[in-house]
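Student: Let me begin by handing over the structure; questions about it come next.
Protein chains: 2
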Amino acid sequence: MSVALIAIDWGTTAARAYRFDRHGHILDRTSAPLGVQKVAAGGFPDALRLLLDGESEDVPRIACGMIGSRQGWVEAPYRDCPAGFTAIVSALTPVPGACLSIVPGLVCRDAAGVPDVMRGEETQIFGAFDEQEARDGARQVVVLPGTHSKWALVDAHGIETFATFMTGELYAVLLEHSILGRNVATGSDAAALEDGVKRSLDGDASLSHDLFSARTLALMSKLAPAAVGDYLSGLLLGAEIAAGRRWLERHAVKEESVTLIGDAPLCERYRRALAIAGVDAMIGSPDAAARGLWRIARHAGMVRT
Amino acid sequence: MSVALIAIDWGTTAARAYRFDRHGHILDRTSAPLGVQKVAAGGFPDALRLLLDGESEDVPRIACGMIGSRQGWVEAPYRDCPAGFTAIVSALTPVPGACLSIVPGLVCRDAAGVPDVMRGEETQIFGAFDEQEARDGARQVVVLPGTHSKWALVDAHGIETFATFMTGELYAVLLEHSILGRNVATGSDAAALEDGVKRSLDGDASLSHDLFSARTLALMSKLAPAAVGDYLSGLLLGAEIAAGRRWLERHAVKEESVTLIGDAPLCERYRRALAIAGVDAMIGSPDAAARGLWRIARHAGMVRT
């Protein structure tokens with residue numbers, strides 16, 4: 000079966016390549032620890048050859064993610080929201096001499112004019128929705144958990160706006176470098192996760208105060224060393240969900256359900272936390288990035304048929 | 000002039016000793032980098048000798064701060080709030096063989112029963128208030144900026160309750176270990192500090208979202224590398240002040256002014272941030288810890304006259 004498109008989800012730590020046939024089926028997939036942070040300046044042509052294992056340059060190639068950032072191969076400038084396929088396609092950035100096009104990231108601005116950005120998630124969102132379904136339906140809420148979680152509003156015209164929450168990075172940095180990680184043991188504790196989520200949901204939205212309870216509860220032997228991590232994760236998740244809901248309210252969305260896209264165990268963790276807040280969550284396709292790259296490439300007329 | 004009391008403010012990184020005469024005047028002061036984290040197990044007797052430079056053991060000694068924590072010399076268990084001089088004095092913990100008494104920390108619980116703790120700040124608070132003034136006046140609000148900032152409610156009976164905000168530690172950890180510290184230059188920028196405070200005060204209390212603006216504004220060249228630190232500081236300060244006010248409202252306090260106690264430049268930074276929020280702040284004595292130790296010792300009958 001001949002290859003019609005090579006799609007690369009090229010992030011900070013890893014690069015994942017997918018070969019598509021002309022019907023949009025994934026023929027095979029490969030990945031390598033060749034993320035943007037792992038490749039030295041000038042090393043991207045070699046990294047691409049290594050990743051694709053000498054694949055002919057005749058096949059069109061498209062990539063999304065941090066490869067288009069200032070630290071990547073070629074900068075693909077952010078496009079303003081709202082943005083649909085047409086806006087994305089018109090901003091595809093070619094890499095000179097590499098037979099490769101890079102999908103731009105998106106920028107939106109809040110009421111105060113403060114910008115927010117995504118890069119890579121726009122492609123996952125475009126991959127997660129059936130276009131017919133989007134044309135028929137109302138606005139949908141997509142949540143992409145991660146180092147910098149994104150909440151996005153999507154309608155038939157594309158991505159309307161979005162908001163970032165530093166949930167994953169705060170979790171990692173606080174556990175590794177702050178007093179909250181002191182005397183912590185590895186382990187998981189579903190009840191502690193739930194307690195953390197509830198505290199943030201029921202509280203007065205003061206994260207810098209609530210976080211300290213991970214220390215005091217441990218100090219008072221109310222939280223076992225192996226439960227601190229999940230309690231902290233719950234506090235941060237609850238704060239994200241509470242703030243995400245206020246953000247949706249400001250955009251006149253009364254959410255009944257959200258679609259989660261991302262790493263499967265992390266999506267499951269978010270699904271449990273959202274359930275505590277009374278929000279239904281559907282977990283979307285794990286191949287959202289590949290599917291999004293396929294759709295963008297088809298809209299751009301890049302796919303051989 | 001003979002020494003009537005030796006008072007030691009013994010914290011995590013440093014120990015500060017004060018010699019008092021019998022009238023409560025400070026005769027001299029000395030400090031050493033012999034904080035609890037710097038002294039190896041079993042090393043406290045030597046650290047004390049070094050700090051006091053062979054001062055006779057005949058003089059009564061009192062200490063507050065992390066020296067009474069589980070990681071300190073002898074654990075002085077937390078006392079429940081509300082707590083006045085009588086409660087503190089009855090919980091002074093003697094160090095066997097060292098002619099030294101340690102002031103206990105305090106614990107309070109919020110409506111959900113979640114504990115909060117302080118250790119050392121209780122002594123600063125007792126040192127900051129004139130007792131006569133406290134007997135006459137209404138409840139007062141004391142703010143102690145630091146790694147873990149404290150907001151406390153104080154009345155004639157002592158410390159009623161308090162709340163911790165991890166402002167200082169979040170600032171340090173995020174600047175050093177998160178994406179927010181990337182491409183940052185040292186420097187100060189009063190306008191950026193003000194912008195950060197306003198964003199947190201005007202926003203919807205989503206710190207994990209607002210923090211990301213320190214990244215996006217820098218990315219869009221709206222924030223200079225040397226201004227990121229002060230903007231981040233402003234975001235965290237504004238979030239603390241907004242949450243502190245909600246906490247005061249829950250305790251039926253309509254604050255008109257607060258007293259700041261602590262490091263002078265940090266208090267000045269808080270004063271500016273509080274002014275943006277319309278709150279007057281008076282900066283208290285820099286010798287609050289020494290003054291508090293003196294008063295507690297006098298209430299305990301420890302002072303030679």
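Just so you know, the sequences run in chain order A and B. Start counting the first sequence at 0; every next residue gets the next number (numbering that gives the first Met the number 0). Start counting the second sequence at 0; every next residue gets the next number (numbering that gives the first Met the number 0). For each residue, glycine too, the CB sits at the ideal point set by N, CA and C.
Which of helix, strand or coil does DSSP assign to E254 of chain B?
Tutor: coil
Student: Let me know if K149 of chain B comes out buried or exposed under the rule of 16 or more other beta-carbons within 10 Å of its beta-carbon.
Tutor: So K149 of chain B ends up on the buried side.
Student: Please state the DSSP three-state secondary structure of K197 of chain A.
Tutor: helix
Student: Name the chain A residues that come within less than 8 Å of T160 of chain B, Cβ to Cβ?
Tutor: Neighbours of T160 of chain B on chain A: none; closest Cβ ~13 Å, over 8 Å.
Student: Using a Cβ distance threshold of 8 Å, determine whether the stretch 20–33 of chain A contacts the stretch 55–69 of chain A, with at least three qualifying pairs required.
Tutor: Too few Cβ pairs lie closer than 8 Å, so no.
Student: Please state whether DSSP places R138 of chain B in a helix, a strand or coil.
Tutor: coil
Student: Under 7 Å between beta-carbons, which chain A residues line up against E239 of chain B? List them in chain order, please.
Tutor: Those within 7 Å of E239 of chain B in chain A are S207.
Student: Buried or exposed: which applies to M165 of chain A, given that a residue is buried once 16 or more other Cβ atoms fall within 10 Å of its Cβ?
Tutor: buried
Student: Please report the distance separating the alpha-carbon of A242 of chain A from that of L210 of chain A.
Tutor: 16 Å
Student: Is the CB-CB distance between G283 of chain A and T258 of chain A below 7 Å?
Tutor: Going by C-beta atoms, G283 of chain A is nearer than 7 Å to T258 of chain A.
Student: Counting only Cβ-Cβ distances shorter than 7 Å, please list the residues of the stretch 239–265 of chain B near chain A, keeping chain order.
Tutor: Cβ contacts with chain A: E239, A242, R245.
Student: What residues from chain B crowd round F211 of chain A, counting only those whose CB sits closer than 8 Å?
Tutor: D115, H147, T163, F164, M165
Student: Please tell me whether S177 of chain B and E168 of chain A are closer than 7 Å, where the distance is taken between their beta carbons.
Tutor: yes
Student: In chain A, which residues lie less than 8 Å from H176 of chain B when you measure between Cβ atoms?
Tutor: What H176 of chain B touches in chain A: V172, E175, H176.
Student: May I have the straight-line CA-CA distance separating H250 of chain B from S1 of chain B, to the nearest angstrom?
Tutor: Each residue's Cα considered, the two are about 46 Å apart.
Student: With contact counted as at least three CB pairs below 8 Å, one residue from each stretch, are the stretch 185–201 of chain A and the stretch 215–228 of chain A in contact?
Tutor: yes
Student: Roughly how many angstroms separate the alpha carbons of E239 of chain B and S199 of chain B, rounded to a whole number?
Tutor: 9 Å
Student: Can you list, in chain order, the residues of its chain with a C-beta nearer than 7 Å to that of T146 of chain A? Leave out the 5 residues immediately preceding and following it.
Tutor: G167, E168
Student: When the Cα of V271 of chain A is compared with those of A:L192, A:I260, A:A3, which residue comes out closest?
Tutor: Rather than Val, the amino acid found at residue 271 of chain A in this sequence is Arg. The shortest C-alpha separation from R271 of chain A is found at A:L192.
Student: So, using beta-carbon positions, are L206 of chain B and L206 of chain A closer together than 7 Å?
Tutor: yes
Student: List the residues of chain B that T215 of chain A touches, going by C-beta distances under 9 Å, in chain order.
Tutor: V106, V113, P114, D115, V116, T163
Student: In chain B, which residues lie with their C-beta within 7 Å of the C-beta of M219 of chain A?
Tutor: Near M219 of chain A (Cβ distances below 7 Å), the residues of chain B are P114.
Student: Suppose contacts are defined by Cβ-Cβ distances below 7 Å. Is A86 of chain A in contact with I124 of chain A by that definition?
Tutor: no
Student: Expressed to the nearest angstrom, what Euclidean distance is found between the alpha-carbon atoms of L265 of chain B and P144 of chain B?
Tutor: 7 Å
Student: Just the chain D side, please: which residues come within less than 7 Å of D203 of chain A by C-beta, in chain order?
Tutor: The displayed structure is made up of protein chains A and B, and chain D is not among them.
Student: Is the shortest distance between the beta-carbon of E168 of chain B and the beta-carbons of chain A less than 7 Å?
Tutor: yes
Student: Excluding sequence positions up to five away, which residues of its chain have a Cβ less than 6 Å from the Cβ of R316 of chain A?
Tutor: With chain A covering only 0 through 304, there is no way to say anything about residue 316 of chain A.
Student: Take L51 of chain B and list the residues in its own chain whose beta-carbon comes closer than 7 Å to its own, dropping the five residues that flank it on each side.
Tutor: I5, A16
Student: So is H208 of chain A buried or exposed if we call it buried at 16+ other beta carbons inside 10 Å?
Tutor: buried
Student: Measure the C-alpha to C-alpha separation of R290 of chain A and L173 of chain A and round it to an integer number of angstroms.
Tutor: Using only the alpha carbons, I get a separation of about 35 Å.
Student: L235 of chain B versus chain A: which residues are under 8 Å apart at the beta carbon?
Tutor: S207
Student: For V58 of chain B, which residues of its own chain have a beta-carbon under 6 Å away from its beta-carbon, when the five flanking residues on both sides are left out?
Tutor: V2, I5
Student: Using the DSSP secondary-structure output, state which residues sit across from P93 of chain B in a beta bridge.
Tutor: B:S100
Student: Ends of the beta strand (DSSP E) at L206 of chain A?
Tutor: Where L206 of chain A is concerned, there is no enclosing beta strand (DSSP E), although the alpha helix (DSSP H) it sits in stretches over 206–209.
Student: Just verifying my parser: in three-state terms, what is the DSSP assignment at R290 of chain B?
Tutor: helix
Student: Under 8 Å Cβ to Cβ from L91 of chain A, same chain only, skipping five residues before and after it: list those, please.
Tutor: I61, A75, S100, I101, V102, P103, I295, A299
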